[in-house]
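Each residue of the sequence shown is one higher than the last, beginning at 50 in the numbering used here.
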Amino acid sequence: MTGFDLFHPTPRQYLREMTTDGTRATQSPYTVDAGHFQVEMTLFGYSSFEDNSGGVTYKLKTWNVGPINLKVGLFDRLDLQLILEPYNHVYETEVGYFQSTRNGYGDTTLRFKFNCWGNDSGSTALALMPFATFATSQERVGLDHFEGGFVLPFSAELPWDFYLGLSGSVALTKSNAEQDHHIEYTGSISLSRNIFEDLEGYIECFNGLSTEKGIGRATTFNLGLIYWLSENMQLEAGVDIGMTNWADDWYAFVGTSWRF
50 MTGFDLFHPT PRQYLREMTT DGTRATQSPY TVDAGHFQVE MTLFGYSSFE DNSGGVTYKL
110 KTWNVGPINL KVGLFDRLDL QLILEPYNHV YETEVGYFQS TRNGYGDTTL RFKFNCWGND
170 SGSTALALMP FATFATSQER VGLDHFEGGF VLPFSAELPW DFYLGLSGSV ALTKSNAEQD
230 HHIEYTGSIS LSRNIFEDLE GYIECFNGLS TEKGIGRATT FNLGLIYWLS ENMQLEAGVD
290 IGMTNWADDW YAFVGTSWRF
């Protein structure tokens, strides 16, 4: 559809099937219809990381409550997204040496998604999604620096009602131990399919590679379920399992999304 924008919304009978970016590593190439809003919220997320190298046990546990992605369709092929982290709780310890508990508001991310093709028709779709993340945390439960980059999401219809998703990203970031920024690359692949009636499932593999010295590859194997309450609302739950030493041991979440 063309000719619609934020102030001239797409008529409801022409709305595309709702797609979400959610907490999955593989983002969607489809945008929110012009003049419509979409909310994607992680009700609760929990991650755990433990490292026993060097003879010292290091543990990092993080709780996320209510991270939310507020999306609005500006034009037929362009949407705007604001990601907020209302409450993060971080527990960190080196057993026998120190422990720290921190909580509060996390980071704020602004991003645009431009659909290059496939928004309304075709068996494939591609988008370009630039983003900027701002260090808005006052309690050291988020970044302490600016981060920016872009994501390239792609999807394709496969035989037997399977859907393939691919995402790649490049980001400029830095760690607390660095003076200068470095580049991080990520890539992911997912396979999804309707299981029965209103229940959909997916499996996914994620890889992250940093150019920071001494940092290895982070790989996770992810799987989850999506239940459609209506054509404009869904529930989602999943778990990411760490496959390398530099990835979280596991991350689990429950979320919901709706469109209006």
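All C-beta atoms, glycine included, are put in the ideal place defined by N, C-alpha and C.
* Asked: How would you write the range of the beta strand (DSSP E) that residue 193 sits in, first residue to last?
  -> Element bounds for residue 193: n/a, residue is neither H nor E.
* Give me the Cα-Cα distance between residue 252 and residue 259, rounded to the nearest whole angstrom. => The straight-line gap separating the alpha-carbon atoms of residue 252 and residue 259 is approximately 24 Å.
* To do: Determine the extent of the beta strand (DSSP E) in which residue 178 is found, giving its start and end residues.
  => Counting along the chain, the beta strand (DSSP E) containing residue 178 begins and ends at 173-183.
* Asked: Heavy atom of the ligand NAP less than 6 Å from the Cβ of residue 200, yes or no?
  -> What this structure holds is no ligand at all, so the ligand NAP is not there to describe.
* Stretch pair the segment 70-87 + the segment 140-156: three plus CB contacts closer than 8 Å -> The segment 70-87 is not in contact with the segment 140-156.
* Asked: How is the beta strand (DSSP E) around residue 236 delimited, first residue to last?
  -> Start and end: 231-245.
* How would you label residue 192, buried or exposed, when you count the other beta carbons within 10 angstroms and need 16 or more for buried? -> Residue 192 is buried by the Cβ-count criterion.
* Cα separation between residue 119 and residue 229? -> Each residue's alpha carbon lies about 31 Å from the other.
* Just how far apart, CA to CA, sit residue 277 and residue 284? -> Taking the straight line from one Cα to the other gives about 6 Å.
* Residue range of the beta strand (DSSP E) that residue 141 falls in? -> 136-143 is the extent of the beta strand (DSSP E) around residue 141.
* Asked: Tell me, which residues are paired with residue 202 by DSSP?
  -> Checking the DSSP bridge columns, you'll see residue 202 partnered with 216.
* State the Cα-Cα distance for the pair residue 86 and residue 307, rounded to the nearest angstrom. => C-alpha separation (whole angstroms): 9 Å.
* Asked: Buried or exposed: which applies to residue 132, given that a residue is buried once 16 or more other Cβ atoms fall within 10 Å of its Cβ?
  -> Buried, since its Cβ has 16 or more Cβ neighbours within 10 Å.
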